[in-house]
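Novice: Residue numbers (this note's numbering), protein chains in the order written: chain X, 1 to 153; chain P, 1001 to 1145.
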Amino acid sequence: MDLDTDLHFQRRIWTVQRIGWLIIGLVILATLMGAFGNGLLSRVSASGNGLRLEYERFGRLQQPTRLHFLLPPSKHDAEVSLRRDYLAAFQIEHITPEPKEVAPAGPWLTYRFAGPGPLAVTFDVVPLEFGRLQGNAAISPSIALAFQQFIYP
Amino acid sequence: MDAVLRAAVIYGFLLIIFRIAGERTLASLTTFDFVLLLIIAEATQQGLIGDDFSVKALLLITTLVGIDVGLSLLKDRSRLLHKLIEGVPLVLVADGKVLADRMQRARVDEEDVLQAARERQGVESMDQIKYAVLERTGEISIIPK
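If you want it as structure tokens, here you go:
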């Protein structure tokens, strides 16, 4: 029969296919667990000296994600500051409640809200850059926390 | 720049995932395979020209192909599952004798059988047909006498 077969090659392909199936299974499992956002692996929190942040460790480019702050009790109006280089990677859609004032302070941007803490504040943001993002949030030099996010392209 | 990158990534990804899935995936084209193909096409289209190219399209395709491969592996293990998912072939004509009640239930008429017979085997009448079978793909195969 005039046929260009290669059984040796075919056997190697079969092995590769078995490995590929395993990888597909692992990817599906990882997705279910939230390795690509929205799941157990992704939902994390960071806290430092009374300031608490719940956020998604994994996000996707152009897909909304949420930063949920719990601001500690305070005498004056509640406020939180975020690094401007971190914020530059996002488009901010909503802040709930609306801040009464947003003021730059060096490398930081300070959001001030009406009324004292404790206060829960939600930032709904859309990532505009992908890769690893380093975030910093602070209320004062002593009340600060750092967090990392990974945005998939 | 963006367009070329997207197209190249999707092309490479699809090439790899369908080589991994194997030759038989979407090859027989039952009605369901066809639907699956359309869904994969839709997911691919999102990845190609959607506003946001995100890993989502790739994850969707991976999941669809993964389920298909997973089910095919399960089908090999279970006769019943195989029948449930793929259906079973049905003999419509045996030794030139038309099995009318089966044909009625399967919503096939004699004209469909004769058309398949003419197109595939050049057979002109029912008594030249030994067997006509409604295959799982929905096609009618003809074995002439």
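The beta carbon of each residue, even a glycine, is placed where N, CA and C say it ideally should be.
#1: Could you tell me the distance, in whole angstroms, from the CA atom of residue 1107 (chain P) to the CA atom of residue 1006 (chain P)?
#2: Determine whether the beta carbon atoms of residue 1133 (chain P) and residue 1091 (chain P) lie at a separation below 8 Å.
#3: For residue 1096 (chain P), collect the residues of the same chain with a Cβ closer than 8 Å to its Cβ; drop the 5 residues on either side in sequence, then sort them by chain order.
#4: What residue ranges within the segment 38 to 99 of chain X form continuous beta strand (DSSP E) runs of no fewer than 3 residues, ordered along the chain?
#5: So which residues on chain X does residue 1056 (chain P) lean against when the C-beta distance must stay under 7 Å?
#6: Using a C-beta to C-beta distance shorter than 8 Å, which residues of chain P count as neighbours of residue 55 (chain X)?
#7: At what residues does the alpha helix (DSSP H) containing residue 112 (chain X) begin and finish?
#8: Just to confirm, are residue 19 (chain X) and residue 1066 (chain P) a CB contact at a threshold of 8 Å?
#9: For residue 73 (chain X), count the other beta carbons within 10 Å of its own beta carbon; 16 or more makes it buried, fewer makes it exposed. Which is it?
#10: Do residue 43 (chain X) and residue 50 (chain X) have their C-beta atoms within less than 8 Å of each other?
#11: Tell me whether the beta-carbon of residue 79 (chain X) lies closer than 8 Å to the beta-carbon of residue 123 (chain X).
#12: If you drop the 5 nearest sequence neighbours on each side, which residues of the same chain put their C-beta closer than 6 Å to that of residue 15 (chain X)?
#13: For residue 143 (chain X), which option in X:2, X:130 and X:53 has the closest C-alpha, if you only look at C-alpha atoms?
#14: Enumerate in chain order the residues of its own chain whose CB-to-CB distance from residue 99 (chain X) is below 7 Å, with the five nearest sequence positions on each side excluded.
#15: Sorted by chain position, which residues of the same chain lie with C-beta nearer than 8 Å to residue 1110 (chain P)'s C-beta, five sequence neighbours on each side aside?
#16: Can you tell me whether residue 147 (chain X) is helix, strand or coil according to DSSP?
#17: Go through its chain and collect everything with a Cβ distance to residue 128 (chain X)'s Cβ below 8 Å, but skip five positions before and after it.
#18: For residue 138 (chain X), which residues of its own chain have a beta-carbon under 6 Å away from its beta-carbon, when the five flanking residues on both sides are left out?
#19: So, helix, strand or coil for residue 1145 (chain P), using DSSP?
#20: Output the distance between the C-alpha atoms of residue 1045 (chain P) and residue 101 (chain X), rounded to the nearest integer angstrom.
#21: Cα separation between residue 151 (chain X) and residue 71 (chain X)?
#22: Compute every distance between the C-beta of residue 61 (chain X) and the non-hydrogen atoms of the ligand NAD, then say whether any falls below 7 Å.
Specialist: Reading it off the structure:
#1: Looking up residue 1107 (chain P) in the second sequence gives position 107. Looking up residue 1006 (chain P) in the second sequence gives position 6. Residue 1107 (chain P) and residue 1006 (chain P) have their C-alpha atoms roughly 45 Å apart.
#2: Your numbering for residue 1133 (chain P) matches position 133 in the second sequence. Your numbering for residue 1091 (chain P) matches position 91 in the second sequence. Contact flag set, yes.
#3: Taking the second sequence and counting its residues from 1, one reaches residue 1096 (chain P) at position 96. In the same chain as residue 1096 (chain P), and ignoring 5 residues on each side of it, the C-beta atoms closer than 8 Å to its own belong to 1126, 1127, 1128, 1129, 1130 and 1145, in chain order.
#4: 43 to 48, 51 to 56, 58 to 60, 65 to 71, 77 to 83 and 90 to 96
#5: By one-based count along the second sequence, residue 1056 (chain P) stands at place 56. 60, listed in chain order.
#6: Here residue 55 (chain X) refers to the residue found at position 55 when the first sequence is read from its first residue. Going along chain P, no residue has its Cβ under 8 Å from residue 55 (chain X), so there is no contact; the nearest lies around 18 Å.
#7: In the first sequence, counting from the first residue as 1, residue 112 (chain X) sits at position 112. Per DSSP, residue 112 (chain X) belongs to no alpha helix (DSSP H); it is in the beta strand (DSSP E), 108 to 116.
#8: Position 19 of the first sequence, counted from the first residue, corresponds to residue 19 (chain X). Position 66 of the second sequence, counted from the first residue, corresponds to residue 1066 (chain P). For residue 19 (chain X) and residue 1066 (chain P), no; Cβs fall outside 8 Å.
#9: Your numbering for residue 73 (chain X) matches position 73 in the first sequence. Under the 10 Å beta carbon count, residue 73 (chain X) is surrounded by fewer than 16 other beta carbons and is classified as exposed.
#10: Against the first sequence, residue 43 (chain X) aligns to sequence position 43. Against the first sequence, residue 50 (chain X) aligns to sequence position 50. Contact: no.
#11: Residue mapping note: residue 79 (chain X) aligns to position 79 of the first sequence, counting from 1. Residue mapping note: residue 123 (chain X) aligns to position 123 of the first sequence, counting from 1. No, the pair does not count as a contact, with Cβ atoms beyond the cut-off.
#12: On the first sequence, position 15 is the one that residue 15 (chain X) refers to. Closer than 6 Å at Cβ, skipping near neighbours: no residue.
#13: Taking the first residue of the first sequence as 1, we reach residue 143 (chain X) at position 143. Of X:2, X:130 and X:53, the residue nearest in Cα terms is X:53.
#14: As a working mapping, residue 99 (chain X) is identified with position 99 in the first sequence. Answer for residue 99 (chain X): 111, 112 and 113, listed in chain order.
#15: Numbered from 1 along the second sequence, position 110 holds the residue referred to as residue 1110 (chain P). Correct list, in chain order: 1098, 1103 and 1126.
#16: Locating residue 147 (chain X) in the first sequence gives position 147, counting from the first residue. Of the three classes helix, strand and coil, the one that applies to residue 147 (chain X) here is strand, per DSSP.
#17: Working through the first sequence from its first residue, we reach residue 128 (chain X) at position 128. Cβ within range, chain order: 61, 62, 89, 90 and 91.
#18: Counted from its first residue, the first sequence places residue 138 (chain X) at position 138. Contacts found: 81 and 144.
#19: Counting from 1 along the second sequence, the entry for residue 1145 (chain P) is found at position 145. Reduced to three states, the DSSP call for residue 1145 (chain P) is coil.
#20: Locating residue 1045 (chain P) in the second sequence gives position 45, counting from the first residue. Locating residue 101 (chain X) in the first sequence gives position 101, counting from the first residue. The straight-line gap from Cα to Cα measures roughly 43 Å.
#21: In the first sequence, the residue the question calls residue 151 (chain X) occupies position 151. In the first sequence, the residue the question calls residue 71 (chain X) occupies position 71. Approximately 25 Å, taken between the alpha carbons.
#22: No copy of the ligand NAD appears in this structure; indeed no ligand is present at all.
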